[in-house]
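Here is the structure we will look at.
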Amino acid sequence: MKVIVYHISQEDKKLLALANRKKHKITIIVDPLSEATVHFAEAKDTVIIIDQETPVSNSLILKLISFGIKYFIFRFQEQVPVDVSIIQNSGLKYITIPDSKLAISSIIEILDTWEKSD
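Heads up, the sequence shown is in the working numbering, so the first residue is 25 and it goes up one at a time.
Have a look at this one:
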């Protein structure tokens, strides 16, 4: 599965690499998702957004969908700054996972499950 991760910390980056074991092709972007960084998601299957501080606009979500993104994973400490109804109405899958040390291994498990369902 081709995955892009936005706004990941150095610590989480290391944990993700260890948990992934080179199974999924993961692109790491240390900056948050924005108009300036959204183009990196082209030709990916899954977008992972971690601790986005600013709301993710509907236009960004629609742009991601237009790129062919099928899956969304959100990990936030507080309420998700995303209107998930657009994702739901498009028939795509998303999941929100809590911010914890187990979150990184959960992300890989979710990717594995979604990959098997394709």
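By construction, the Cβ of each residue, glycine as well, lies at the ideal position given by its N, Cα and C atoms.
From what residue to what residue does the beta strand (DSSP E) around Ile119 run? 117 to 122
Check whether the region 65 to 73 touches the region 30 to 37, counting contact only when three or more Cβ pairs, one atom from each stretch, lie closer than 8 Å. Cβ pair count under 8 Å is three or more, so yes.
Tell me the rounded alpha-carbon separation between Ile97 and Ile134. 9 Å
Per-residue DSSP class, three states only, for Lys94: coil
Beta carbon of Ser130, beta carbon of Ile121: below 7 Å? Judged by their CB atoms, Ser130 and Ile121 are nearer to each other than the 7 Å cut-off.
With three or more C-beta pairs closer than 8 Å as the rule, is the region 101 to 115 touching the region 59 to 70? no
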